[in-house]
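Accompanying notes for the structure given below.
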Amino acid sequence: MLHLSHADYAALRAHGEETYPHECCGVLLGKASPDGNRVRQIVRAGNTRTDSAHNRYNIAPEELIRTQRQARTLGLDIVGFYHSHPDCPAQWSQTDYNEAHWLGCSYVITRVDQGKAAITNSFLLTGTGEEDKAFRDEPIEIELDSTES
Amino acid sequence: MKIHIPTPLRAYTGGEQTVGVPGATVGQALQELTTAFPELRQHLYTGEGKLRSFVNIYLNDDDIRYLPQKESTPVGESDELTVIPSIAGGCEDGAADALHAICNYFCPKGAKL
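Given below as structure tokens:
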């Protein structure tokens with residue numbers, strides 16, 4: 029189970045709409061818990077794949093390092109990533125699988141149809157290494173913010 | 254010096270997110286790291302002992318692959334190494350890309366797959 033506030037859920041979907049027809053990407057900061065990753069903050073990232081931004085994304089390692097430092101300062105960890113699939117299913121692709129190396133992290137994918145966010149799914153990268161890694165469907169629990177409840 | 258460990262590899266450092274190791278060079282520090290935590294080695298290096306292609310190691314703000322002395326670069330007590338796996342992907346796979354490339358070349362202008 030991925031636990032995400034409504035505000036963060038809405039923000040990552042809005043990010044996909046803003047960058048359409050290109051893929052957006054970002055980092056989920058939070059904490060792992062026995063019942064799943066709990067997101068406390070999302071951090072937008074730039075997509076360095078400007079050569080093929082409609083169907084590829086890449087976060088520069090330098091940006092990841094800055095985000096990891098930010099997480100340490102906040103007492104949080106990188107618990108996942110998000111990106112959008114413009115006019116493509118909200119399912120992990122072979123490319124997503126090949127490029128996934130953060131075991132135990134959540135990979136959130138939002139389908140954006142003609143500029144409008146549609147389905148958002150999450151996949152937990154399980155396994156112990158490259159040889160046995162696998163994406164597992166991960167339910168998303170959207171938590172209402174205190175101001176919304 | 255300090256070595257920062259990313260979330261997925263902390264299972265092999267006893268949960269530690271930052272590990273202190275001795276070493277006069279980047280390579281020595283990494284050697285100390287994998288000696289202290291042997292299970293890390295297979296996640297950082299291939300069977301041939303090369304750094305895995307998706308594993309980035311930064312000395313402060315510099316990718317060690319692009320440092321003139323690479324792993325022989327001298328380090329001091331205040332330097333920091335960060336291990337950071339790459340993150341990338343995208344909605345189409347390579348086969349679909351190849352089809353699009355072929356279509357762009359052969360199909361009538363404006364045609365789509």
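Each protein sequence line maps, in turn, to chains A and B. Oh and the first sequence: position 25 is 53 in the working numbering, straight run, nothing missing. Oh and the second sequence: position 60 is 313 in the working numbering, straight run, nothing missing. For glycine and all other residues, C-beta sits at the position ideal for the given N, C-alpha and C.
Q142(A), buried or exposed, once every other Cβ within 10 Å from all chains shown has been counted against 16 = Burial call: exposed.
key: Under 9 angstroms by beta carbon: chain A residues contacting S339(B)   = N86, I87, P89, L92, E127, H129
query = Helix, strand or coil for S33(A) per DSSP?
reply = strand
ask   = So is G302(B) in contact with chain A if we call contact Cβ pairs under 7 angstroms?
value = no
inquiry  = Please classify N309(B) as buried or exposed, where buried requires at least 16 other C-beta atoms within 10 Å of its C-beta.
reply    = buried
request  = Could you tell me whether the segment 296-313 of chain B touches the segment 39-47 of chain A, where touching means 3 or more Cβ pairs closer than 8 angstroms?
outcome  = Between the segment 296-313 of chain B and the segment 39-47 of chain A there are fewer than three inter-stretch CB-CB distances shorter than 8 angstroms, so the stretches are not counted as touching.
request  = Answer yes or no: does any C-beta atom of chain A fall closer than 7 angstroms to that of H269(B)?
outcome  = Just to set this straight, residue 269(B) is Glu in the shown sequence, not His. With 7 angstroms as the cut-off, E269(B) does not count as an interface residue toward chain A.
task = Kindly indicate if chain B contains any beta-carbon less than 7 angstroms away from that of H31(A).
result = no
inquiry  = Can you find the residues in the same chain that come closer than 7 angstroms, C-beta to C-beta, to L172(A), ignoring five residues on each side of it along the sequence?
reply    = H34
ask   = Along chain B, in chain order, which residues have C-beta atoms closer than 8 angstroms to that of P114(A)?
value = C344
query = Should Q322(B) go down as buried or exposed, given a rule of 16 or more other Cβ atoms within 10 Å for buried?
reply = exposed
query = Given A88(A), which residues of its chain have a CB within under 6 angstroms of its CB, disregarding the five upstream and five downstream residues?
reply = T76
query = How many Å lie between R97(A) and T260(B) at the Cα?
reply = 12 angstroms
key: Own chain residues within Cβ distance below 6 angstroms of N86(A), not counting five before or after   = T76, R77
query = If we ignore side chains and look at the alpha-carbon of each, how far apart do R41(A) and R68(A) end up?
reply = 16 angstroms
message = In whole angstroms, give me the CA-to-CA distance for Y110(A) and C52(A).
response = 8 angstroms
ask   = Would you report the Cα separation of S325(B) and G302(B), rounded to the nearest angstrom?
value = 16 angstroms
query = Checking contacts by CB at 7 angstroms: is I70(A) closer than that to chain B?
reply = With 7 angstroms as the cut-off, I70(A) does not count as an interface residue toward chain B.
ask   = With 7 angstroms set as the bound, which would you pick, yes or no: does the beta-carbon of M254(B) sit closer than that to a beta-carbon of chain A?
value = no
Cutoff 8 angstroms; reference D105(A); Cβ partners in own chain excluding five residues on either side = L57, G58, K59, A60, A99
ask   = What are the boundary residues of the alpha helix (DSSP H) that Q96(A) is part of?
value = 89-102
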